[in-house]
Amino acid sequence: GAVVSQHPSWVICKSGTSVKIECRSLDFQATTMFWYRQFPKQSLMLMATSNEGSKATYEQGVEKDKFLINHASLTLSTLTVTSAHPEDSSFYICSAPLDRGAGGYTFGSGTRLTVV
Amino acid sequence: AQSVTQPDIHITVSEGASLELRCNYSYGATPYLFWYVQSPGQGLQLLLKYFSGDTLVQGIKGFEAEFKRSQSSFNLRKPSVHWSDAAEYFCAVALNTGGFKTIFGAGTRLFVKA
């Protein structure tokens with residue numbers, strides 16, 4: 000089945016540094032990917048929609064300059080958390096739609112980011 | 185505004201007992217409905233989905249869900265829970281807005297006791 004591989008699974012970084020998270024679709028092409036943020040014991044909050052070959056679409060309240068999204072190819076989308084701060088610590092998950100979303104979504108395994 | 189409600193924040197059931205997780209949605213038309221499961225520190229896995237047709241849908245891991253239009257509900261059930269079913273369960277609605285935008289419920293944490 001369709002698989003999205005997300006790396007790294009966890010990362011610890013110092014305040015002020017940047018962290019890149021990658022999501023790859025392994026056996027299918029994903030023209031669109033979604034990036035979510037999940038706080039402990041909460042649901043997923045959609046941050047942005049990544050579109051291959053064009054700019055990402057950000058949800059209201061999400062800082063574009065802090066959360067840089069690049070969708071360089073049909074199988075790779077990246078989220079870069081720039082100048083990270085402790086409040087950026089969270090669980091980040093990517094997903095790709097199946098059949099444009101009508102088939103549900105396949106999710107990456109998530110990245111636990113801790114900023115110290 | 186469209187919304188998805190999972191009224192139970194957490195549920196505890198005994199191993200071997202039956203399970204029902206509730207989900208209600210608010211949307212003008214019949215949306216695409218999904219249930220996902222998330223184990224701690226993991227991404228989400230699709231359990232089942234409903235688009236149209238038979239209102240009782242079967243999913244993986246022995247789960248099923250029933251769509252009830254009159255109640256705007258899509259409750260998830262399992263006849264006999266296993267300890268490995270302990271996880272977070274999310275109901276989701278996909279709205280056809282040109283593409284499909286998905287709205288997730290707040291989730292229900294399932295605890296299974298021996």
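In the order they appear, the protein sequences are chains A and B. Position 24 (the first sequence) corresponds to 23 in the numbering used here; numbering is contiguous. The numbering used here runs 184 ahead of the 1-based position in the second sequence. Ideal placement from N, C-alpha and C gives every residue a C-beta, glycine not left out.
(request) Would you identify the three-state DSSP class for Ile193/B, choosing helix, strand or coil? (result) Three-state result, Ile193/B: coil.
(message) Using a Cβ-Cβ distance cut-off of 8 angstroms, determine whether Phe38/A contacts chain B.
(response) By this cut-off, Phe38/A is not an interface position.
(request) Express the C-alpha separation of Asp98/A and Leu75/A in angstroms, rounding to a whole number. (result) When rounded, the distance between both Cα atoms is 18 angstroms.
(request) Indicate whether the contact test is met: 3 or more Cβ pairs, each with one atom in the segment 76 to 86 of chain A and one in the segment 18 to 31 of chain A, closer than 8 angstroms. (result) Yes: at least three Cβ pairs fall under 8 angstroms.
(request) Report the option in Val114/A, Thr110/A, Ala55/A whose CA atom is closest to the CA atom of Gln37/A. (result) Measuring from the Cα of Gln37/A, the nearest candidate turns out to be Thr110/A.
(request) Give every residue of the same chain whose Cβ lies closer than 7 angstroms to the Cβ of Leu45/A, excluding the five residues on either side of it in the sequence, and list them in chain order. (result) Phe33, Tyr35, Glu58.
(message) Just checking: is the beta-carbon of Gly109/A within a distance shorter than 8 angstroms of some beta-carbon in chain B?
(response) Gly109/A belongs to the set of residues whose beta carbon lies under 8 angstroms from a beta carbon in chain B.
(message) Suppose the cutoff is 6 angstroms on Cβ atoms and the five residues either side in sequence are ignored; what does the same chain contact list for Ser264/B look like?
(response) Taking C-beta separations shorter than 6 angstroms and ignoring five residues to either side along the sequence, the partners of Ser264/B in its chain run Gly200, following chain order.
(message) For Asp64/A and Ser88/A, I'd like the C-alpha separation in whole angstroms.
(response) Distance between the alpha carbons of Asp64/A and Ser88/A is about 17 angstroms.
(request) Kindly indicate the opening and closing residues of the beta strand (DSSP E) around Trp267/B. (result) Premise fails: Trp267/B is in no beta strand (DSSP E) and is neither H nor E.
(message) Tell me which residues share the same chain as Asn69/A and place their Cβ nearer than 6 angstroms to its Cβ, disregarding the 5 neighbours each side in the sequence.
(response) Closer than 6 angstroms at Cβ, skipping near neighbours: Thr77.
(request) Taking the CB atoms as reference points, tell me whether Ser24/A and Ala95/A lie closer together than 8 angstroms. (result) Against a cut-off of 8 angstroms, the Cβ pair of Ala95/A and Ser24/A comes out as a contact.
(message) Whether or not the segment 223 to 241 of chain B and the segment 186 to 205 of chain B are in contact is what I'm after, with contact meaning three or more pairs of Cβ atoms, one per stretch, closer than 8 angstroms; do they touch?
(response) As far as the Cβ criterion goes, the segment 186 to 205 of chain B does not touch the segment 223 to 241 of chain B, which means the pair count is below three.
(message) Between the alpha carbons of Asn259/B and Ser210/B, how many angstroms are there, rounded?
(response) One C-alpha to the other measures close to 14 angstroms.
(message) Let me make sure I understand the geometry here. Which of Ser14/A, Lys40/A, Leu67/A has the alpha-carbon closest to that of Ala271/B?
(response) Relative to Ala271/B, the option among Ser14/A, Lys40/A, Leu67/A whose CA is nearest is Lys40/A.
(message) For Ser6/A, report the span of its beta strand (DSSP E) as first-last.
(response) Checking the displayed sequence, the identity of residue 6/A turns out to be His instead of Ser. If you look at His6/A, you'll find it in the beta strand (DSSP E) that goes 3 to 6.
(message) I need the DSSP call for Gln37/A, collapsed to helix, strand or coil.
(response) It is a strand residue.
(message) Phe251/B and Tyr273/B - do their beta-carbons sit closer together than 8 angstroms?
(response) Remark: C-beta atoms of Tyr273/B and Phe251/B do not approach each other more closely than 8 angstroms.
(request) Report the residue from Leu232/B, Gln190/B, Gly212/B whose alpha carbon sits nearest the alpha carbon of Gly243/B. (result) Residue Leu232/B is the option with its Cα nearest to Gly243/B.
(request) Determine, using beta carbons only, whether Gly237/B comes closer than 8 angstroms to chain A. (result) Closer than 8 angstroms: no.
(message) Suppose the cutoff is 6 angstroms on Cβ atoms and the five residues either side in sequence are ignored; what does the same chain contact list for Gly246/B look like?
(response) Annotation for Gly246/B: Lys262 place their beta carbon closer than 6 angstroms to its own, counting only its chain and skipping 5 residues before and after.
(message) Would you say Ile92/A lies against chain B (beta-carbon separation less than 8 angstroms)?
(response) Yes, contact with chain B.
(message) Along the chain, where does the beta strand (DSSP E) containing Ile244/B start, and where does it finish?
(response) No residue range can be given for Ile244/B, since it is assigned to no beta strand (DSSP E) and is classified by DSSP as neither H nor E.
(message) Between Cys93/A and Cys22/A, how many whole angstroms is the CB-CB distance? I'm expecting something under 8 angstroms.
(response) Going by Cβ atoms, the distance from Cys93/A to Cys22/A rounds to 4 angstroms, so yes, they are a contact pair.
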